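S.K.: Residue numbers (my numbering): 29 to 460. Using N, Cα and C, we set each Cβ at its ideal position, and we do this for glycine too. No experiment lies behind these values; they were computed from the predicted model shown.
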Amino acid sequence: TVNKTTISQVHKYVDQEVKIGAWIANKRSSGKIAFLQLRDGTGFIQGVIVKEDVAEELFQTAKSITQESSVYVSGVVQKDERSPLGYELLVKGIEVLHQSVDYPITPKEHGTEFLMDNRHLWLRSRRQHAVMKIRNEIIRATYEFFNEQGFAKVDPPILTGSAPEGTTELFATKYFDEDAFLSQSGQLYMEASAMALGKVFSFGPTFRAEKSKTRRHLIEFWMIEPEMAFVEFEENLEVQEQYVSYIVQSVLKNCTIELKTLGRDTSKLENIKAPFPRISYDDAIKFLNEKGFDDIKWGDDFGAPHETAIAEHYDKPVFITKYPTSLKPFYMQPDAEREDVVLCADLIAPEGYGEIIGGSERIHNYDLLKQRIEEHKLPLESYQWYLDLRKYGSVPHSGFGLGLERTVAWISGVEHVRESIPFPRLLNRLYP
Ligand code: 4AD
Ligand code: MG
């Protein structure tokens with residue numbers, strides 16, 4: 029009987045023969061020995077074929093097999109301290125399922141545009157595989173964290189009639205005879221859900237027709253949006269720092285091979301533990317001016333260089349709190365002591381990855397919220413349902429949105445968010 033298994037499970041079969049369905053990621057051979065880099069989705073393992081020890085036919089198959097051919101390979105699992113996995117396979121047999129012809133992504137260097145055109149294949153590479161596994165771990169840890177904390181998962185709609193984050197970046201579409209937008213954020217629906225279920229979180233795609241071409245911007249990105257009834261500004265920050273610490277520590281624990289593959293400096297992640305520092309918007313402006321940034325004054329929004337300069341001052345993510353009301357969306361609760369700032373915070377990741385969370389306490393007074401909707405020239409009739417939440421047992425409540433791709437990019441240490449989502453939608457890119 030054969031032990032049919034996967035690369036991630038070979039540790040259970042040391043010195044035993046196993047059969048694995050795999051692709052040939054790479055190959056090296058001389059007259060005497062062939063090394064096959066095998067991948068099966070669960071991981072990578074090196075297969076070794078020594079000419080002397082095997083039938084001539086098997087050695088020839090190993091020598092002639094092409095990159096990305098699919099095989100059933102059988103062999104004996106052996107401990108190998110030098111490999112990242114800790115094991116290698118002494119190959120006893122190869123059954124070729126499909127010979128791959130002229131695989132475009134060869135082991136040499138390729139340009140970004142070429143790789144992006146071939147994203148459907150590029151995903152198979154060792155580094156991209158590692159980033160996707162880390163993304164998956166962050167998603168897994170997210171569900172674990174919020175379930176343990178008593179949150180219910182709620183799914184807000186994708187086709188909406190409202191615009192929580194401003195009306196300039198909307199994807200409009202027809203909804204039969206009406207106009208609809210692709211969701212920019214599920215927040216308003218999550219607020220309604222929090223009034224029904226108390227503590228809720230969502231995880232879903234959001235869309236921004238942003239004409240920004242930076243390493244932090246996607247047109248379609250995934251957001252985790254928790255919303256909590258009876259939770260005020262400072263308590264909201266505590267949930268955020270606990271959550272971000274939890275996902276970083278989960279990746280450190282469960283993705284050691286992937287972090288090694290990516291060459292991530294894990295010492296920078298190890299001390300990501302709550303609490304995180306907080307700096308007010310006022311102090312952040314003063315700090316930047318003292319640092320020599322004379323291009324920014326009170327009332328201006330931060331650009332990427334500003335955020336990076338502030339983040340560099342700390343070795344953990346930092347909350348920038350209480351921004352001017354004029355810079356933020358209509359729904360944020362004003363500070364009781366100062367009407368010109370709101371009870372919000374952006375969480376800025378270390379190492380130049382920028383804002384990973386935007387959150388706030390929400391306005392719970394009916395009249396103030398109505399006034400803000402009018403000031404922002406939003407159509408009142410589309411927001412009547414949202415105003416209802418302030419009419420029937422309104423409570424203080426808060427929430428936030430974590431951008432998954434920026435978080436994946438930061439924890440993985442990849443430069444650009446295009447590598448932190450399987451099929452990025454970017455300015456000028458809808459293929460593949
Ligand atoms: O700061 P934002 O716009 O906040 C909201 O949408 C709130 N309604 C969330 C809430 O309170 N429920 O977006 C939240 C996060 C940002 O901090 C960033 O990480 C990410 O979403 N994000 C983007 N990520 C990639 N590409 C873009 N174009 C992004 N825009 C925002
Ligand atoms: Mg924001």
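#1: Can you name, in chain order, every residue of its own chain whose Cβ lies under 8 Å from the Cβ of Q277, other than the five neighbours on each side?
#2: Let me confirm a value: A364 is counted as buried when at least 16 other C-beta atoms fall within 10 Å, else exposed. Which label applies?
#3: Give the range of the beta strand (DSSP E) segment to which E443 is assigned.
#4: Short check: CB of F321 to CB of A337, under 8 Å?
#5: Classify V423 as helix, strand or coil using the three-state DSSP reduction.
#6: Let's test the definition: count the other Cβ atoms within 10 Å of the Cβ of T349 and tell me whether it reaches 16, buried, or not, exposed.
#7: What residue range does the beta strand (DSSP E) around I384 cover?
#8: Is it the case that the stretch 407 to 422 contacts the stretch 240 to 258, given that we only count it when at least three CB pairs across the two stretches are under 8 Å?
#9: Going by Cα to Cα distance, which pick from D368, P407 and A191 is closest to F209?
#10: What whole-angstrom Cβ distance do D368 and P352 have, given they're in contact under 8 Å?
#11: Using only the alpha-carbon positions, how far apart do G380 and E340 sit?
#12: Measuring only the C-alpha atoms, how far is H425 from I247?
#13: Is P333 helix, strand or coil when you go by DSSP?
#14: What is the chain-ordered set of residues for which the beta carbon lies under 7 Å from any non-hydrogen atom of the ligand MG?
#15: Looking at the unbroken beta strand (DSSP E) that takes in D368, where does it start and where does it end?
#16: Out of curiosity, what's the CA-to-CA distance linking R400 and L430?
#17: State yes or no: is the C-beta of I166 within less than 8 Å of the C-beta of T435?
#18: Take the Cβ of S240 as the centre, count every other Cβ of all protein chains shown within 10 Å, and call the residue buried at 16 or more, exposed below.
#19: Determine the DSSP secondary structure at Q412, reduced to helix, strand or coil.
#20: Go through its chain and collect everything with a Cβ distance to N411's Cβ below 6 Å, but skip five positions before and after it.
#21: Relative to the C-alpha of W413, which residue among E447, T188 and S92 is closest?
#22: Check whether the Cβ atoms of L371 and Q361 lie closer than 8 Å to each other.
#23: Considering only heavy atoms of the ligand 4AD, does any lie closer than 7 Å to the CB of Q74?
#24: V445: beta carbon under 7 Å from a heavy atom of the ligand 4AD?
#25: Grab the span of the beta strand (DSSP E) containing W51 for me, first residue to last.
#26: Using a threshold of 8 Å, state whether the C-beta atoms of G427 and Q270 are closer than that.
#27: Could you say if the stretch 438 to 450 and the stretch 278 to 294 meet the contact criterion of at least three C-beta pairs nearer than 8 Å?
#28: Do D81 and I35 count as a contact pair if the criterion is CB distance below 8 Å?
#29: With DSSP as the reference, label W326 as helix, strand or coil.
#30: To the nearest angstrom, report how far apart L297 and L280 are at their CA atoms.
#31: I believe R244 touches G382 by the beta-carbon criterion, under 8 Å. Please report the beta-carbon distance rounded to the nearest angstrom.
#32: Please state the DSSP three-state secondary structure of N317.
#33: Using 10 angstroms around the beta-carbon of W326, count the other beta-carbons present and answer buried if the total reaches 16, otherwise exposed.
M.R.: Let's see:
#1: Start at 1 with the first residue of the sequence shown, and residue 277 comes out as number 249. Closer than 8 Å at the Cβ level, and outside the excluded window around Q277, lie I300 and K301.
#2: As a working note, residue 364 is residue 336 in the sequence shown. With fewer than 16 neighbouring CB atoms inside 10 Å of its own CB, A364 falls in the exposed class.
#3: In the sequence shown, the residue the question calls residue 443 occupies position 415. Premise fails: E443 is in no beta strand (DSSP E) and is neither H nor E.
#4: Within the sequence shown, the letter at position 293 stands for residue 321. Within the sequence shown, the letter at position 309 stands for residue 337. Contact: yes.
#5: As a working note, residue 423 is residue 395 in the sequence shown. It is coil, neither helix nor strand.
#6: Locating residue 349 in the sequence shown gives position 321, where the first residue counts as 1. Classification of T349: buried, given that the 10 Å Cβ count is 16 or more.
#7: Counting from one through the sequence shown, the residue named residue 384 turns up at place 356. In the DSSP annotation of this structure, the continuous segment of the beta strand (DSSP E) that includes I384 starts and ends at G382 to E389.
#8: Contact between the stretch 240 to 258 and the stretch 407 to 422 is absent: fewer than 3 CB-CB pairs across the two stretches fall below 8 Å.
#9: Counted from its first residue, the sequence shown places residue 209 at position 181. Shortest Cα-Cα distance from F209 to any of D368, P407 and A191 involves A191.
#10: Walking along the sequence shown from the start, residue 368 turns up at place 340. Walking along the sequence shown from the start, residue 352 turns up at place 324. Indeed, because the Cβ distance is near 6 Å, the residues count as touching under 8 Å.
#11: What you label residue 380 is simply residue 352 of the sequence shown in a count that begins at 1. What you label residue 340 is simply residue 312 of the sequence shown in a count that begins at 1. So the alpha carbons of these two residues sit roughly 8 Å apart.
#12: Counting from 1 along the sequence shown, the entry for residue 425 is found at position 397. Counting from 1 along the sequence shown, the entry for residue 247 is found at position 219. Straight-line Cα distance between these residues: approximately 29 Å.
#13: One-based indexing of the sequence shown puts residue 333 at position 305. In this structure, P333 counts as helix in the three-state DSSP scheme.
#14: In chain order, the residues with a C-beta atom nearer than 7 Å to some heavy atom of the ligand MG are D374, E383 and G386.
#15: Numbered from its first residue, the sequence shown carries residue 368 at position 340. In the DSSP annotation of this structure, the continuous segment of the beta strand (DSSP E) that includes D368 starts and ends at R366 to V370.
#16: Residue numbering aside, residue 400 sits at position 372 when the sequence shown is read from its first letter. Residue numbering aside, residue 430 sits at position 402 when the sequence shown is read from its first letter. Cα to Cα, the separation comes out at about 25 Å.
#17: Stepping through the sequence shown from its first residue, residue 166 is reached at position 138. Stepping through the sequence shown from its first residue, residue 435 is reached at position 407. Between I166 and T435, the gap from beta carbon to beta carbon is short of 8 Å.
#18: Locating residue 240 in the sequence shown gives position 212, counting from the first residue. Under this definition S240 is an exposed residue.
#19: For the purposes of this step, residue 412 is taken as the residue at position 384 of the sequence shown. The answer is helix: DSSP assigns Q412 an H, G or I state.
#20: Along the sequence shown, read from residue 1 onward, the residue named residue 411 stands at position 383. Before going on, a small fix: residue 411 reads as Tyr here, not Asn. Taking Y411 as the centre and dropping the five residues before and after it, the same chain places the C-beta of I401 closer than 6 Å to its C-beta, in chain order.
#21: For this step, residue 413 is matched to residue 385 along the sequence shown. With distances taken between Cα atoms, W413 lies closest to T188.
#22: The sequence position of residue 371 within the sequence shown is 343, counting from 1. The sequence position of residue 361 within the sequence shown is 333, counting from 1. L371 places its beta carbon less than 8 Å from that of Q361.
#23: Within the sequence shown, residue 74 is the residue found at index 46, counting from 1. No, Cβ of Q74 sits at least 7 Å from all heavy atoms of the ligand 4AD.
#24: As a position in the sequence shown, residue 445 is number 417, starting the count at 1. Because some heavy atom of the ligand 4AD lies under 7 Å away, the Cβ of V445 counts as near it: yes.
#25: The sequence position of residue 51 within the sequence shown is 23, counting from 1. In the DSSP assignment, W51 falls within the beta strand (DSSP E) that extends over E45 to S57.
#26: The sequence position of residue 427 within the sequence shown is 399, counting from 1. The sequence position of residue 270 within the sequence shown is 242, counting from 1. In this structure, the beta-carbon distance from G427 to Q270 does not fall below 8 Å.
#27: Result yes; three or more Cβ-Cβ pairs closer than 8 Å.
#28: For this step, residue 35 is matched to residue 7 along the sequence shown. For this step, residue 81 is matched to residue 53 along the sequence shown. Not a contact, by the Cβ cut-off of 8 Å.
#29: In the sequence shown, residue 326 corresponds to position 298, counting from 1. For W326, the secondary structure class from DSSP, reduced to helix, strand or coil, is coil.
#30: Counted from its first residue, the sequence shown places residue 297 at position 269. Counted from its first residue, the sequence shown places residue 280 at position 252. The alpha-carbon separation between L297 and L280 amounts to approximately 8 Å.
#31: Within the sequence shown, numbered from 1, the residue matching residue 244 stands at position 216. Within the sequence shown, numbered from 1, the residue matching residue 382 stands at position 354. That pair is a contact at about 5 Å.
#32: One-based indexing of the sequence shown puts residue 317 at position 289. Here N317 sits in helix by DSSP.
#33: Locating residue 326 in the sequence shown gives position 298, counting from the first residue. With a 10 Å radius around the Cβ and a threshold of 16 neighbouring Cβ atoms, W326 comes out exposed.
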